[in-house]
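S.K.:
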Amino acid sequence: MNHVLCCEQYTKESLEELFVLTDKIIKEPMKYSKKLDGKIIATLFYEPSTRTRLSFEAAILRVGGSIISTENAKIASSVAKGESLKDTIKIVGGYADAIVIRHSDNDSAEIAASVSNVPILNAGAGSGAHPTQSLLDMYTIRNKKGKFDGLKVAISGDLRYGRTQNSLAKLLSLYNDITIYGVSRKSFELPQEYIDYMKKRNVKYIPCSEFSDLPKDIDIIYHTRTQLERMEDKTMDIKELIINKQLLNTFSKDTLIMHPLPRVHEIDEDIDDDSRAIYFEQAHNGMFIRMALLLQAFNKM
Ligand code: NCD
Numbered sequence: 096m097n098h099v100l101c102c103e104q105y106t107k108e109s110l111e112e113l114f115v116l117t118d119k120i121i122k123e124p125m126k127y128s129k130k131l132d133g134k135i136i137a138t139l140f141y142e143p144s145t146r147t148r149l150s151f152e153a154a155i156l157r158v159g160g161s162i163i164s165t166e167n168a169k170i171a172s173s174v175a176k177g178e179s180l181k182d183t184i185k186i187v188g189g190y191a192d193a194i195v196i197r198h199s200d201n202d203s204a205e206i207a208a209s210v211s212n213v214p215i216l217n218a219g220a221g222s223g224a225h226p227t228q229s230l231l232d233m234y235t236i237r238n239k240k241g242k243f244d245g246l247k248v249a250i251s252g253d254l255r256y257g258r259t260q261n262s263l264a265k266l267l268s269l270y271n272d273i274t275i276y277g278v279s280r281k282s283f284e285l286p287q288e289y290i291d292y293m294k295k296r297n298v299k300y301i302p303c304s305e306f307s308d309l310p311k312d313i314d315i316i317y318h319t320r321t322q323l324e325r326m327e328d329k330t331m332d333i334k335e336l337i338i339n340k341q342l343l344n345t346f347s348k349d350t351l352i353m354h355p356l357p358r359v360h361e362i363d364e365d366i367d368d369d370s371r372a373i374y375f376e377q378a379h380n381g382m383f384i385r386m387a388l389l390l391q392a393f394n395k396m
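First residue of the sequence shown: 96, per our numbering; consecutive thereafter.
(1) Between Lys239, Asp314, Ser209 and Gly241, which has its C-alpha nearest Asp276's C-alpha?
(2) Is the separation between the beta-carbon of Gly245 and that of Asp272 shorter than 9 Å?
(3) If I follow the unbroken alpha helix (DSSP H) through Ser209, where does it start and stop?
(4) Using only the heavy atoms of ligand 1, determine whether one of them is closer than 8 Å to the beta carbon of His318.
(5) Which partner residues of Gly276 appear in the DSSP bridge assignment?
(6) Closest to Asn167 by CA distance: which of Ile194, Leu149 and Leu139 is it?
(7) Taking C-beta to C-beta, are Ile120 and Met386 nearer than 9 Å?
(8) Here's the rule I'm using: 16 or more other beta-carbon atoms within 10 Å means buried, otherwise exposed. How should Tyr256 be labelled?
(9) So, does the stretch 290-303 touch the stretch 326-336, judging by three or more C-beta pairs under 8 Å?
(10) List the endpoints of the continuous alpha helix (DSSP H) containing Phe375.
(11) Helix or strand or just coil, what does DSSP make of Val213?
(12) Apply the 10 Å Cβ neighbour rule to Ser307 and answer buried if 16 or more other Cβ atoms are within range, or exposed otherwise.
(13) For the alpha helix (DSSP H) containing Tyr234, name the first residue and the last one.
(14) Confirm, please, whether the CB-CB distance from Ile337 to Ile316 is below 9 Å.
(15) Alpha carbon to alpha carbon, what distance is there between Leu267 and Ser229?
(16) So Leu110 is in the alpha helix (DSSP H); what residue range does that whole segment cover?
(17) Rounded to whole angstroms, what is the Cα-Cα separation between Ser199 and Ala220?
(18) I'd like to confirm something about Gln322: is its beta-carbon nearer than 8 Å to some heavy atom of ligand 1, or not?
(19) What's the C-alpha gap between Arg148 and Met96?
(20) Could you tell me the alpha carbon to alpha carbon distance between Ser172 and Phe393, rounded to whole angstroms?
If you want it as structure tokens, here you go:
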């Protein structure tokens, strides 16, 4: 079964295959517009989402599939009555030909896949993984930088509760000579398991606490918002790391600013028009990557 569950399932070769398919879809979208004709895909979102859900749903429609959905599955589906995720998946898998799921439990996608008779596409699992986001992030980096080997990338903001930056670090770990800087406040540091993961794969990981600790010619700063909804102590006084024009101008003309979005205030709008701020383009790429993932899920390339 062609599930998309985690970043660990990808290799350099399978990433390139996905990116080449995505290039083709962008070049000739009409060629792919009927590929999933007759397929029904369920979108089950137990956590809020704008980009991931709508880009998945747009992707489904753009490759000819149809959608069934519970917009706020936590409240509006039978879990509110106490149904288990496994039971929900068994039932929905009888109605739909694939299931896109976002859930607050880190192991939700694996649990879903363990009982599913249709492909599961993980659209975010707790603070653990967000593979489709990282695939679109990698696609964006490839298009902008033309390579992965040798890149110096900062992941910044909430490295503890977020799932996008640790997933990205895992995919970057596939390549050679990668340096990752982790910029975060105390209590928001990257969990040790991800540091160990990178170390095992010869990635150099350098933790720091200020953007001024980064080299001026860093290739990418991947910033993230504080995941307040996952924090036990929501009253904690966090002196958030902010990227604004003044800060950006201390970096090179080739330093790209990425963010999975939504941003709250950690990236100032005053850099939106700077060509180095590529987060809107990054989000747009998400729809095309998800079209490609859907085609792969059904072997309809
Ligand atoms: C991210 C997520 O849900 O993890 N959003 C997204 O999918 N683009 C990041 C976030 O919510 O901060």
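Even for Gly, the Cβ is constructed at its ideal location relative to N, Cα and C.
M.R.: Once the coordinates are examined:
(1) One-based indexing of the sequence shown puts residue 276 at position 181. As written in the sequence, residue 276 is Tyr, which differs from the Asp given in the question. Closest option to Tyr276, Cα to Cα, is Asp314.
(2) Along the sequence shown, one-based indexing puts residue 245 at 150. Along the sequence shown, one-based indexing puts residue 272 at 177. Yes, they are a contact pair.
(3) Your numbering for residue 209 matches position 114 in the sequence shown. Start and end: Ser203 to Val210.
(4) Residue mapping note: residue 318 aligns to position 223 of the sequence shown, counting from 1. Every heavy atom of ligand 1 is 8 Å or more from the Cβ of His318, so no.
(5) Along the sequence shown, read from residue 1 onward, the residue named residue 276 stands at position 181. Strictly speaking, residue 276 in this sequence is Tyr, with Gly absent from that position. Its beta-bridge partners are Ala249 and Ile301.
(6) Start at 1 with the first residue of the sequence shown, and residue 167 comes out as number 72. If we check each option's Cα against that of Asn167, Leu139 comes out closest.
(7) Mapped onto the sequence shown, residue 120 falls at position 25. Mapped onto the sequence shown, residue 386 falls at position 291. Taking 9 Å as the Cβ cut-off, Ile120 and Met386 qualify as a contacting pair.
(8) Within the sequence shown, the letter at position 161 stands for residue 256. That one is buried.
(9) Contact fails: fewer than three Cβ-Cβ distances are below 8 Å.
(10) As a first step, residue 375 is located in the sequence shown; it is residue number 280 there, counting from the start. Unbroken alpha helix (DSSP H) run through Phe375: Tyr374 to Ala392.
(11) Sequence index remark: in the sequence shown, residue 213 carries index 118 (1-based). Per DSSP, reduced to three states, the secondary structure at Val213 is coil, with no helix or strand assignment.
(12) Reading the sequence shown from its first residue, position 212 is the one you call residue 307. Answer is exposed; the Cβ neighbour count stays below 16.
(13) Translated into the one-based positions of the sequence shown, residue 234 becomes position 139. Boundaries of the alpha helix (DSSP H) around Tyr234: Pro226 to Lys240.
(14) The count along the sequence shown starts at 1 and reaches residue 316 at position 221. The count along the sequence shown starts at 1 and reaches residue 337 at position 242. With a cutoff of 9 Å on beta-carbon distance, Ile316 and Ile337 are scored as not near each other.
(15) Within the sequence shown, residue 229 is the residue found at index 134, counting from 1. Within the sequence shown, residue 267 is the residue found at index 172, counting from 1. Computed Cα separation, rounded: 9 Å.
(16) Looking up residue 110 in the sequence shown gives position 15. Note, Leu110: alpha helix (DSSP H), Lys107 to Lys122.
(17) Locating residue 199 in the sequence shown gives position 104, where the first residue counts as 1. Locating residue 220 in the sequence shown gives position 125, where the first residue counts as 1. Approximately 6 Å, taken between the alpha carbons.
(18) One-based indexing of the sequence shown puts residue 322 at position 227. Flag set: Cβ of Gln322 near ligand 1.
(19) Along the sequence shown, read from residue 1 onward, the residue named residue 148 stands at position 53. Along the sequence shown, read from residue 1 onward, the residue named residue 96 stands at position 1. For Arg148 and Met96, the gap between their C-alpha atoms comes out near 22 Å.
(20) As a working note, residue 172 is residue 77 in the sequence shown. As a working note, residue 393 is residue 298 in the sequence shown. Between Ser172 and Phe393, the C-alpha separation is close to 26 Å.
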